[in-house]
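Novice:
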Amino acid sequence: MPHGNAAKRFLDAGEEPTKTLTPLKGYEKKDLTSLEESVKSIEVPIHDRDAMVWAAKRNSHNPSDGLSSDESASICLYTMEWPDGYDSFYTLLNKKLRSGERKCLKSWFSYLKLFLTALYKLPSIKKIIWRGIRGNVSDQYNKDYIWWGVSSCTTTVDGVENFIGCTGERTLFMIECFNGKAIKSHSAYQDENEILLIPGTYLTVLEKWSSSDNLHIIHLKEENPPYQLLKSPFVASLAIVDVSSSKKPESSKLTRPKSQAAPVPFHEIKKVSTNMERTIRRTVEHGIQKVNDMEKDEALALMCEQCDHEKQELIELDYLFSSYHDRVKYFEQTNKQLKHTLNQLRSKYSFDSDKYKSEYKPKLNNLRKTTHLATVEEAIVEIRVKRAEFDLIYYKKLVDDLNQWTNQDKLKINSLQSTIDENQREFKHVQHLIAVSMSDIEKYHNEMKRFYEQISCLLNELDQERMARIKIENEKQTFKEQISFLSAIHEQEMNDLKNVSSSNFDINSITFYKNELPRAIREIRKDFEIRSLSQRLELEEYYKIKTDEIIQQEQQQENNQLINQDDDNQLKISINETEKELLDLQQDYKNYFQQMSELESKLETVKR
Numbered sequence: 001m002p003h004g005n006a007a008k009r010f011l012d013a014g015e016e017p018t019k020t021l022t023p024l025k026g027y028e029k030k031d032l033t034s035l036e037e038s039v040k041s042i043e044v045p046i047h048d049r050d051a052m053v054w055a056a057k058r059n060s061h062n063p064s065d066g067l068s069s070d071e072s073a074s075i076c077l078y079t080m081e082w083p084d085g086y087d088s089f090y091t092l093l094n095k096k097l098r099s100g101e102r103k104c105l106k107s108w109f110s111y112l113k114l115f116l117t118a119l120y121k122l123p124s125i126k127k128i129i130w131r132g133i134r135g136n137v138s139d140q141y142n143k144d145y146i147w148w149g150v151s152s153c154t155t156t157v158d159g160v161e162n163f164i165g166c167t168g169e170r171t172l173f174m175i176e177c178f179n180g181k182a183i184k185s186h187s188a189y190q191d192e193n194e195i196l197l198i199p200g201t202y203l204t205v206l207e208k209w210s211s212s213d214n215l216h217i218i219h220l221k222e223e224n225p226p227y228q229l230l231k232s233p234f235v236a237s238l239a240i241v242d243v244s245s246s247k248k249p250e251s252s253k254l255t256r257p258k259s260q261a262a263p264v265p266f267h268e269i270k271k272v273s274t275n276m277e278r279t280i281r282r283t284v285e286h287g288i289q290k291v292n293d294m295e296k297d298e299a300l301a302l303m304c305e306q307c308d309h310e311k312q313e314l315i316e317l318d319y320l321f322s323s324y325h326d327r328v329k330y331f332e333q334t335n336k337q338l339k340h341t342l343n344q345l346r347s348k349y350s351f352d353s354d355k356y357k358s359e360y361k362p363k364l365n366n367l368r369k370t371t372h373l374a375t376v377e378e379a380i381v382e383i384r385v386k387r388a389e390f391d392l393i394y395y396k397k398l399v400d401d402l403n404q405w406t407n408q409d410k411l412k413i414n415s416l417q418s419t420i421d422e423n424q425r426e427f428k429h430v431q432h433l434i435a436v437s438m439s440d441i442e443k444y445h446n447e448m449k450r451f452y453e454q455i456s457c458l459l460n461e462l463d464q465e466r467m468a469r470i471k472i473e474n475e476k477q478t479f480k481e482q483i484s485f486l487s488a489i490h491e492q493e494m495n496d497l498k499n500v501s502s503s504n505f506d507i508n509s510i511t512f513y514k515n516e517l518p519r520a521i522r523e524i525r526k527d528f529e530i531r532s533l534s535q536r537l538e539l540e541e542y543y544k545i546k547t548d549e550i551i552q553q554e555q556q557q558e559n560n561q562l563i564n565q566d567d568d569n570q571l572k573i574s575i576n577e578t579e580k581e582l583l584d585l586q587q588d589y590k591n592y593f594q595q596m597s598e599l600e601s602k603l604e605t606v607k608r
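So this is what it looks like as C-alpha cells:
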C-alpha cells in the first residue's frame, strides 16, 4: 500500500498531455556520472537536495540486478517522498518530461542518463498491471495514447483501490505491458510491488466500460510506437587515451589470447569498432591541428605515438574478433551435436515435428488467445468480486446505520412523546387555570358592575346630599345676611326714631333705606349664586376624576385578561407545533423502516 503522499505518483495519469510531444533524445550523449554529480546540474531548486541524495546512496550499498550503487540510488531517489509543502523529486521530473519545452529538460540529462540506464538494465516484465486516477478520463482515451512521464503502476487491483477509493468518479487502467520494470529491490518503499513504465510508453486502447458505481475501466496494451519516442541510454563509450600524453600504455605488450578465452558478446565488438572509428577520426583531426601549431619534429613524434596507440587498439580489436570467432565455432559444434541428436530421436520415434506443428499451431494460437481472454475476464471478474464485496460491506454498514438511526429515532420519538404528554398535561392544567380565571374574571366583572352601580348610586346620593347641604348653607347664609341687614335697618330705624324724637329726623334717609334694601338683597342673592356655581363645578370635577380612576381600573383588568388570553393562545400554538413535530417524526420513522426493509431485501439478493 502506498505510504502517505507516495500515492500521488500513482495518481498523476491525469497530468499527461493530450497532444503529441517531440521524442526524448540528447540525454544519451551524456557520460555516466555519480548521483551527486548528476543532480548538481539540475536548474530547478530542490529542497534539501544533498541530504536526500545522501540518504538514497546510503540505502543502495549492495544493489541487485547488476546495477551500480549510483544507478540503484537514482531509482531510490525517484521514489522518495519530500516533506509536506515541498515537491518531491518525481513530481519535478515528470513535470519536465510532460512539458512541451524540451529545452527545459537539458539540465536533467545527466540524471536521466543514470536513471534510464538503471531501468534498461532491469529485466522487462510482461504481465497485466494496474494504475488509477480519481475522476473520469474515458473521453481522452479513444484509439491510442502516449504517457510521457515515468508511470508508476501496481501488480494487483487492491493496490489501486487502496488509493483511488471506492466512491465517486474514478478511472482504472488495466495495462498489458511487455516492458515494465520492477523496482521493488531499489525503491525507498520496498513493501510496494511498484512497476515503472519508461517515458514515451505507447499504449493502444482495446476496450472501455463503466459500472453503475461511477467506476470506469480502460483496457490498454503497450505496443512499439511507429517512431522511436525515447533514445536508448546505451552509446558506445570506451575510454579514449589522451594523445597529448607522452606515456605509452602498459598494455602495449598484449599478446593474442588462446582460444580458451571467454567469448565476448557481439554488441561489445560493435561498440569497440564504433569507438575505434571515432578515435581514428579524432586522432587525424588533432594531428592536423598540431602540425599547424608545432614544429615538424614534435609533430612526427606525436604521430608516432598516435600510431602506437592505434596498434594497441588494433591488438585489442583482434582479441575481440578472435573471441567472437571461437564463440561462433563453439555454437556451430553445439548445433551439429543438437541436429545429430534430433535426427536420432526422429529416427527412433518416427516423429515429424513440422507435421504436428502445422496441425496444432492454429489450436495452440486459439488456446493462447483463449488464455489471454480468460486472464482479462479473470481480472474483470476479480474487479467485480471486489466491488460486490465492497457493496456487501457498504450495504451492511447502511443496514447497521439504519438500525442505529432507527433506535435513535425511537429514543427521540419516546422523548418527544413524553414531552408531548407533559405538554398536554400542562395544557390541561393551563386550560383549567384559564377556566378558573375566566370564572373569576366573570365574577370580578359582576362584582365590579355591582360596585359601580352602588358607587353611582352613592355618588348620586352624595351629590344630592351635598346639593341639599349647599342649599341649606346658602339659605342659612341668606337668612344670616338678611338678619344682619334687618338688624342694621332696625338699628337705623331706632336711631331714626331717636332722632325724630330729638327733632333731628331727615326725610331723605328714610327714602334711601327704602330704595337700597331691595338692591342689597339682589346683590346678596347674586353673590350666593356665584359661590354656589363655583362649588358645584368643583364637586363635578372631583366626581369626574374619581370616575376616570374607576374606568382606568376596569381597563387595567381587561388588559390583564387579554394578556392571559394571549398566553393561552401561545400555549395552544406551542402544543400544535409539538404535535406537528410528532407527526413528522412518525413519518420519518415509517420511511426509515421502509428503507431498512428495502436494504435488507437487497442484502438478501446480494447474498444469494
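Using the working numbering, you'd call the opening residue of the sequence shown number 1 and step up by one each time. Using N, Cα and C, we set each Cβ at its ideal position, and we do this for glycine too. Because the structure is a prediction, the values reported are computed rather than measured.
Is DSSP giving D87 helix, strand or coil here?
Specialist: If DSSP states are grouped into helix, strand and coil, D87 belongs with coil.
Novice: Determine the closest residue to S456 out of I550, D50, I125, with distance taken between C-alpha atoms.
Specialist: Checked all of I550, D50, I125; the closest Cα to S456 is I550.
Novice: Using the beta-carbon count (16 or more within 10 Å), is E54 buried or exposed?
Specialist: The residue asked about is misnamed: residue 54 is Trp in this sequence, not Glu. Exposed.
Novice: Using alpha carbons as the reference points, say which of L571, R346, K113 lies closest to V430.
Specialist: Of the candidates L571, R346, K113, the one whose C-alpha sits nearest the C-alpha of V430 is L571.
Novice: Assuming L116 is part of the alpha helix (DSSP H), what are its boundary residues?
Specialist: 109 to 121 is the extent of the alpha helix (DSSP H) around L116.
Novice: Closest to E632 by CA distance: which of Y202, W82, N446, E523 is it?
Specialist: Residue 632 cannot be examined here, being either before or after the span of the chain that is shown, 1 to 608.
Novice: Which same chain residues end up closer than 8 Å to Y444 when comparing Cβ atoms and leaving out the 5 residues on each side of it in sequence?
Specialist: Excluding positions up to five away in sequence, the list reads Q557.
Novice: Roughly how many angstroms lie between the CA atoms of K546 and L537, to the nearest whole one?
Specialist: Spanning the two alpha carbons is a distance of roughly 14 Å.
Novice: Can you name the start and end residues of the alpha helix (DSSP H) that C76 belongs to?
Specialist: From DSSP, the alpha helix (DSSP H) with C76 extends over 69 to 79.
Novice: Taking the straight line between their C-alpha atoms, what separation do you get for E600 and T406?
Specialist: Between E600 and T406, the C-alpha separation is close to 14 Å.
Novice: Distance, Cα to Cα, R327 vs Y141?
Specialist: Their backbone Cα atoms lie some 49 Å apart in a straight line.
Novice: Please report the straight-line C-alpha distance between W147 and K96, rounded to a whole angstrom.
Specialist: If I take the Cα positions, the gap works out to 13 Å.
Novice: Looking at E43: is its Cβ nearer than 8 Å to the Cβ of S110?
Specialist: Cβ atoms of E43 and S110: not closer than 8 Å.
Novice: Can you tell me where the alpha helix (DSSP H) holding I195 begins and where it ends?
Specialist: From DSSP, I195 is part of no alpha helix (DSSP H) but of the beta strand (DSSP E) over 194 to 197.
Novice: Could you tell me which residues DSSP pairs with L215 in its beta bridges?
Specialist: Its beta-bridge partners are R170.
Novice: Answer with buried or exposed for M494, where buried requires no fewer than 16 other C-beta atoms within 10 angstroms of its C-beta.
Specialist: That one is exposed.
Novice: Can you tell me whether E222 is buried or exposed? The criterion is at least 16 other CB atoms within 10 Å of its CB, across all chains shown.
Specialist: Buried: at least 16 other Cβ atoms inside 10 Å.
Novice: Given 8 Å as the limit, is there contact between the region 422 to 441 and the region 560 to 579, that is, 3 or more CB pairs closer than that?
Specialist: Touching, yes.
Novice: In whole angstroms, what is the alpha-carbon distance linking E16 and P199?
Specialist: Roughly 11 Å separates the two Cα atoms.
Novice: S211 and R387: beta carbons closer than 8 Å?
Specialist: Against a cut-off of 8 Å, the Cβ pair of R387 and S211 comes out as a contact.
Novice: Cutting at 8 Å between CB atoms, please list the residues of its own chain near E382, excluding the five before and the five after it.
Specialist: V157.
Novice: According to DSSP, is I129 helix, strand or coil?
Specialist: The answer is strand: DSSP assigns I129 an E or B state.
Novice: So L24 packs on L196, CB below 8 Å; how close in whole Å?
Specialist: Wrong, their Cβ atoms sit about 15 Å apart, outside the cutoff.
Novice: Looking at M174 and N403, is the spacing between their C-beta atoms short of 8 Å?
Specialist: Not a contact, by the Cβ cut-off of 8 Å.
Novice: Hey, is the region 70 to 82 in contact with the region 32 to 42, meaning 3+ C-beta pairs nearer than 8 Å?
Specialist: As far as the Cβ criterion goes, the region 70 to 82 touches the region 32 to 42, which means the pair count is three or higher.
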